[in-house]
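Step one of this worksheet: look at the structure below.
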Amino acid sequence: MKIDILTLFPEMFEGVLNSSILKKAQEKEAVTYTVIDFREFTTNKHRKVDDYPYGGGAGMVLAPQPLFDAVESMKDGQEKEPRIILMCPQGEPLTQKKAEELAEEDHLIFVCGHYEGYDERIREHLATDEISIGDYVLTGGELAAMVVIDSVTRLLPEVLGNEASSKLDSYSSGLLEHPHYTRPADFRGMKVPDVLLSGDHAKIQKWRDRESLKRTFLRRPDLIDEGSLSDEDRKFLEELKNNTNAE
Ligand code: ADE
Numbered sequence: 382m383k384i385d386i387l388t389l390f391p392e393m394f395e396g397v398l399n400s401s402i403l404k405k406a407q408e409k410e411a412v413t414y415t416v417i418d419f420r421e422f423t424t425n426k427h428r429k430v431d432d433y434p435y436g437g438g439a440g441m442v443l444a445p446q447p448l449f450d451a452v453e454s455m456k457d458g459q460e461k462e463p464r465i466i467l468m469c470p471q472g473e474p475l476t477q478k479k480a481e482e483l484a485e486e487d488h489l490i491f492v493c494g495h496y497e498g499y500d501e502r503i504r505e506h507l508a509t510d511e512i513s514i515g516d517y518v519l520t521g522g523e524l525a526a527m528v529v530i531d532s533v534t535r536l537l538p539e540v541l542g543n544e545a546s547s548k549l550d551s552y553s554s555g556l557l558e559h560p561h562y563t564r565p566a567d568f569r570g571m572k573v574p575d576v577l578l579s580g581d582h583a584k585i586q587k588w589r590d591r592e593s594l595k596r597t598f599l600r601r602p603d604l605i606d607e608g609s610l611s612d613e614d615r616k617f618l619e620e621l622k623n624n625t626n627a628e
């Protein structure tokens, strides 16, 4: 996969793209990242990329010319058009499903805005997607783009050593993950649940499934799609609901 990033602050990406799994993903040639300062594309003689809003008001607006020219220069003539992703708080919320959808693409171009906003023609005629990472406002789209890039890169084939590990994540099954424990079995009197030491794989799996459902019910009930649960899980969920009501 090719990931291009258009930003006015390329230095912000150095540490993140060159550490840990994202670094390994590049070494394995699963992905190439190119970070471009779109100020390089402005035709303004003062190198400006923004301007005052028509109609007045506070703040500056990113002008269309530098971003249209920068994106056009990144298109490499491949048959499949790249996805052009505008980072902004008004965008579609990032979900695991969206990350999975983007991980199927060959070429992503991220546009990181700063200042008050984008000229509307960038949204309407340049972007294919607008993504928000949450209902809060950041100083710019860079941190948000890094979050999306991380969530997409780890899904690319061969990036995670253990193929299964991204499939078992919180969210990819629709539910939150069950608790994990490692050695020692007793740490300062805090004990690992007996079932995990039992060696009975069927029992362990059942415990994990129930804990996963319980945790999701307690923390994120909005994620539970009752229609997709087995009869047994639905019964367990009813028990959880009854217990909570009784308390
Ligand atoms: N730019 C500023 N805030 C943002 C957010 N919450 N998500 C994506 N891009 C942003």
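So the numbering used here is basically just the index in the sequence shown, starting at one, shifted up by 381.
Each residue gets a CB set at the ideal place from its N, CA and C atoms; glycine is no exception.
beta-carbon residue i near the ligand ADE non-hydrogen atom, thresh 7 Å
i, result
"residue 512", "yes"
"residue 576", "no"
"residue 499", "no"
"residue 518", "yes"
"residue 470", "yes"
"residue 522", "yes"
"residue 686", "The structure shown does not extend to residue 686, since the chain is modelled only from 382 through 628, so no value can be given for it."
"residue 525", "yes"
Residue i and residue j closer than 8 Å at C-beta
i, j, result
"residue 499", "residue 443", "yes"
"residue 422", "residue 445", "no"
"residue 540", "residue 404", "no"
"residue 574", "residue 513", "no"
"residue 452", "residue 490", "yes"
"residue 466", "residue 508", "yes"
"residue 617", "residue 591", "yes"
"residue 472", "residue 494", "no"
"residue 609", "residue 555", "yes"
Alpha-carbon to alpha-carbon, residue j and residue i
i, j, result
"residue 589", "residue 537", "26 Å"
"residue 599", "residue 528", "26 Å"
"residue 510", "residue 566", "48 Å"
"residue 586", "residue 559", "10 Å"
"residue 393", "residue 523", "7 Å"
"residue 463", "residue 383", "9 Å"
"residue 572", "residue 583", "21 Å"
"residue 468", "residue 385", "13 Å"
"residue 416", "residue 436", "34 Å"
"residue 615", "residue 594", "10 Å"
"residue 516", "residue 605", "22 Å"
"residue 478", "residue 624", "32 Å"
"residue 424", "residue 449", "12 Å"
"residue 429", "residue 458", "29 Å"
"residue 581", "residue 400", "38 Å"
"residue 389", "residue 426", "17 Å"
"residue 619", "residue 391", "51 Å"
According to DSSP, residues forming a beta bridge with residue i
i, result
"residue 499", "443"
"residue 415", "385"
"residue 602", "Beta-bridge pairing links residue 602 to no other residue."
"residue 530", "For residue 530, which the question treats as bridged, DSSP gives no partner whatsoever."
"residue 464", "489"
"residue 572", "567"
"residue 513", "474"
Close-in-space but distant-in-sequence residues of the same chain around residue i (CB under 8 Å, 5 per side omitted)
i, result
"residue 518", "470"
"residue 454", "422"
"residue 562", "573, 574, 577"
Close beta carbons around residue i, own chain, < 7 Å, minus the five adjacent residues each side
i, result
"residue 431", "441, 442, 443, 444, 496"
"residue 412", "382, 384, 406, 534, 537"
"residue 504", "467, 511"
"residue 481", "536"
"residue 526", "386, 468, 491, 493"
"residue 484", "533, 536, 537"
Spatial neighbours of residue i in its chain, beta-carbon cut-off 6 Å, leaving aside the 5 residues before and after
i, result
"residue 434", "442"
"residue 414", "384, 398"
"residue 387", "417, 419, 451, 492"
"residue 596", "557"
"residue 461", "487"
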